[in-house]
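To keep things clear, I will list the structure first and then write my remarks on it.
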Amino acid sequence: MLLKLEEISKSFGNREDATERIVLKELSFEMDEGESVAILGPSGSGKTTLLNIIGSLDYPDSGTVTFRDRRINDLAEQELDHFRNRQIGFVFQFHHLLPQCTLLENVLIPTLMIRDKGARSGSVNRAEQLLKRVGIWEHRDKLPGRMSGGECQRAALVRAMINEPALLLADEPTGALDGENLEILTGLLLDLNRNDGLTLLVVTHSQELAARMQKTFTLRNGKLERNG
Ligand SMILES: Nc1ncnc2c1ncn2[C@@H]1O[C@H](COP(=O)(O)OP(=O)(O)O)[C@@H](O)[C@H]1O
Ligand SMILES: [Mg+2]
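In our numbering, the protein residues as written are 2 to 229.
In structure tokens, the structure reads:
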């Protein structure tokens, strides 16, 4: 088991002034190493909130998140930063590359947070391998503003993979891409899952992308329901 969520609940707002909105309600979910899962669900159903809790960017009100037998809820701030930086990769709908840095500089940014020199030493080589693999190595010295949205999203994927995470959380990763670029990014995600054993959790509105994951779930009424 890579990831286990037990009875996760999360609300926003206040009960007192009737602004409370229950987003996740005793949600339980498990993922094995190497699995690929798509999460569907209407806008506002809590998909991003769920990914944020899994990636320790947000806290549940109650319930536990366990990652490889460690309870994430119990980690101190510094351990949490380490966990997030080393075990989890994030890809969002928009690439969020720094406009003043080249593609190569952008993808190396997460390696700067690693203090262990040994762990960091291979990162330039790794950036080269990954940038070649996604087809943008020749553009490494260009600024994001000179690249297409699809190419920038591929750089964002490399940045997410640079510290060799066990789990990739992708929040509508193809939401801003057209047909051809959607196809390229989907292919890259599947390649990383199948050939590198990357565990993949993808929130998407794309039926095409969802259909290529091993399992799909829909987030409804605060819980994940398995489809099919
Ligand atoms: N930080 C926040 N403060 C208040 N409400 C929030 C916050 N984040 C999300 N919400 C609310 O929680 C609900 C679920 O949001 P979200 O997880 O972004 O849904 P989805 O990603 O499925 O569109 C929405 O009603 C949203 O307005
Ligand atoms: Mg969202």
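Ideal Cβ positions, reconstructed from N, Cα and C, are used throughout, including at glycine.
- Under the three-state reduction of DSSP, which class applies to Val135: helix, strand or coil? The residue given as residue 135 occupies position 134 in the sequence shown. Val135: coil per DSSP, three-state reduction.
- For Ala39, the first and last residue of its enclosing beta strand (DSSP E): The residue given as residue 39 occupies position 38 in the sequence shown. Ser37 to Leu41 is the extent of the beta strand (DSSP E) around Ala39.
- In whole angstroms, what separates the C-alpha of Gly198 from that of Leu132? Residue mapping note: residue 198 aligns to position 197 of the sequence shown, counting from 1. Residue mapping note: residue 132 aligns to position 131 of the sequence shown, counting from 1. So the two alpha carbons sit approximately 19 Å from each other.
- Message: Let me check understanding here. Comparing Cα to Cα, which of Ile163, Asp117, Cys102 and Pro145 lies closest to Glu129?
- Response: Locating residue 129 in the sequence shown gives position 128, where the first residue counts as 1. For Glu129, the nearest C-alpha among the options comes from Ile163.
- Message: According to DSSP, is Ala156 part of a helix, a strand, or is it coil?
- Response: One-based indexing of the sequence shown puts residue 156 at position 155. The three-state reading of DSSP puts Ala156 in helix, counting H, G and I together.
- Task: Check whether the Cβ atoms of Leu168 and Leu193 sit closer than 8 Å, and answer yes or no.
- Result: As a first step, residue 168 must be located in the sequence shown, where it is residue number 167. As a first step, residue 193 must be located in the sequence shown, where it is residue number 192. Here Leu168 is not near Leu193, since their CB atoms are 8 Å or more apart.
- Are there 16 or more other CB atoms within 10 angstroms of the CB of Asn15, so buried, or fewer, so exposed? In the sequence shown, residue 15 corresponds to position 14, counting from 1. Counting Cβ neighbours within 10 Å, Asn15 comes out exposed, since fewer than 16 surround it.
- Smallest Cα separation from Met148: which of Arg116, Asn182, Arg134 and Pro166? Numbered from its first residue, the sequence shown carries residue 148 at position 147. Distances from the CA of Met148 to each of Arg116, Asn182, Arg134 and Pro166 were compared; the closest alpha carbon is that of Asn182.
- Message: Please classify Thr20 as buried or exposed, where buried requires at least 16 other C-beta atoms within 10 Å of its C-beta.
- Response: Mapped onto the sequence shown, residue 20 falls at position 19. Exposed, since its Cβ has fewer than 16 Cβ neighbours within 10 Å.
- Would Leu225 pass as a contact of Leu4 if the rule is Cβ separation under 8 Å? The residue you call residue 225 lines up with position 224 of the sequence shown. The residue you call residue 4 lines up with position 3 of the sequence shown. Not in contact: Leu225 and Leu4 (Cβ atoms no closer than 8 Å).
- Message: Tell me which residues share the same chain as Lys143 and place their Cβ nearer than 7 Å to its Cβ, disregarding the 5 neighbours each side in the sequence.
- Response: Stepping through the sequence shown from its first residue, residue 143 is reached at position 142. Counting only Cβ-Cβ distances below 7 Å, and skipping sequence neighbours, we find Thr103 and Leu104.
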